[in-house]
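Participant:
Numbering (the numbering used here), first residue to last: 116 to 276.
#1: Determine the closest residue to residue 233 out of 180, 274, 215, with distance taken between C-alpha atoms.
#2: Taking only runs that begin and end inside the stretch 164-195, name each unbroken alpha helix (DSSP H) of 4 or more residues, in chain order.
#3: Would residue 170 pass as a contact of residue 214 if the rule is Cβ separation under 9 Å?
#4: Are there 16 or more other CB atoms within 10 angstroms of the CB of residue 162, so buried, or fewer, so exposed?
#5: Report yes if the CB atom of residue 277 is closer than 9 Å to the CB atom of residue 226, and no otherwise.
#6: For residue 274 and residue 265, I'd like the C-alpha separation in whole angstroms.
#7: Touching or not, the stretch 249-261 and the stretch 208-222, by the rule of three or more beta carbon pairs under 8 Å?
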């Protein structure tokens, strides 16, 4: 095994500390303080509020959310909208609890990733002359990009929690 230590650096590192002023900050005291266990991250709060509002939207605007379900899943569209809305509300609530924040964020990322089926289907069926912007190619691409951002946001919260 090769020793890559540098003798001159060892002397600098092991130099007596008496020459240092007593008020000099140590590495430990100058480090960024860690967040307390019950810290509510602003990103998690905003994402939780957003996810909860969208979850409630599944109940308030069922017709709109059913229109996003691919045709082959149409027989179960109402059930899918209600269950996914309930899941979003539950995950939103769990984002506010520090002990469950990471798993809730991973769950939100997985749920939103599941929605990509709908957005890719919309892109495949997109029509340049469709009356709704969301049904046109640009609208479908925008839906995919926005949802990729939501997934990244959820993953960032999961990793940093």
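Ideal placement from N, C-alpha and C gives every residue a C-beta, glycine not left out.
Facilitator: If we stick to the structure as given:
#1: Taking the chain shown and counting its residues from 1, one reaches residue 233 at position 118. Among 180, 274, 215, the Cα nearest to that of residue 233 is on 180.
#2: 177-182
#3: For this step, residue 170 is matched to residue 55 along the chain shown. For this step, residue 214 is matched to residue 99 along the chain shown. No, the Cβ-Cβ distance between residue 170 and residue 214 is not below 9 Å.
#4: Counting from one through the chain shown, the residue named residue 162 turns up at place 47. With 16 or more Cβ atoms within 10 Å of its Cβ, residue 162 is classed as buried.
#5: Beyond the ends of the chain as shown, which are 116 and 276, falls residue 277; an answer cannot be given.
#6: If you number the chain shown from 1, residue 274 lands on position 159. If you number the chain shown from 1, residue 265 lands on position 150. C-alpha separation (whole angstroms): 14 Å.
#7: no
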